[in-house]
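Participant: Residue numbers (our numbering): 39 to 233.
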């Protein structure tokens, strides 16, 4: 087994096994689950600060920019995901009534496998961004055929350049930083207008 590693075998096995869940769920539910997961990450990264500020103002006072972002990110992700799952369940019932159940199940396997593959891709990128974990786990990825594919797919999803981050952590401006600066500027403008 020179051409594959244990990592490759584990990833492929888990993707196929968890893809079987897609047969049970069906194509429609799996697509909306994927939209909820990936779309939720995108929407939450864009609006996490605003939702965090809303939570802090209306529900529970939160201190610290990172806590605001985390609370807003997590809340936005969960709400977006649950809404997508609800829409998927409704549409899946309609497809089941139409007699296209076989195609729904077959497509569910493909999309379910793709979804779990993308989750692994995001996990690999996250691990590669944490130097301590990356240094400990990197020996297991040597010779892997799937690791570079997972890393590229994860970077595409998260739009993160791992080498750029490692070489210049201090020069990176996150959406969180830009959004906080924009909100501070808006607060200053609003307070000036009120005066």
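By construction, the Cβ of each residue, glycine as well, lies at the ideal position given by its N, Cα and C atoms.
(1) Can you tell me which of 167, 88 and 155 puts its alpha carbon nearest to the alpha carbon of residue 96?
(2) What span of residues does the alpha helix (DSSP H) with residue 164 cover, start to end?
(3) Please report the residue range of the alpha helix (DSSP H) in which residue 181 lies.
(4) Skipping 5 residues on each side, what residues in its chain have a beta carbon closer than 7 Å to that of residue 68?
(5) Could you spell out where the alpha helix (DSSP H) holding residue 74 opens and where it closes?
(6) Can you find at least 3 beta carbon pairs, one from the segment 176-192 and one from the segment 41-49, that sit closer than 8 Å?
(7) May I ask you to report which of helix, strand or coil DSSP gives residue 171?
(8) Tell me the residue span of the alpha helix (DSSP H) that contains residue 114.
(9) Quick one: what does DSSP say residue 193 is sitting in, helix, strand or coil?
Facilitator: Looking at the atomic coordinates:
(1) Reading the chain shown from its first residue, position 58 is the one you call residue 96. Here the closest residue by C-alpha is 88.
(2) Your numbering for residue 164 matches position 126 in the chain shown. Element bounds for residue 164: 139-167.
(3) Here residue 181 refers to the residue found at position 143 of the chain shown. Element bounds for residue 181: n/a, residue is neither H nor E.
(4) Looking up residue 68 in the chain shown gives position 30. Within the same chain, residue 68 has close Cβ partners 60, 146, 149, 150 and 153.
(5) Stepping through the chain shown from its first residue, residue 74 is reached at position 36. Note, residue 74: premise wrong, no alpha helix (DSSP H); not H, not E.
(6) yes
(7) Reading the chain shown from its first residue, position 133 is the one you call residue 171. Note: residue 171 maps to helix in three-state DSSP.
(8) Sequence index remark: in the chain shown, residue 114 carries index 76 (1-based). Here the alpha helix (DSSP H) through residue 114 covers 103-136.
(9) Residue mapping note: residue 193 aligns to position 155 of the chain shown, counting from 1. Here residue 193 sits in helix by DSSP.
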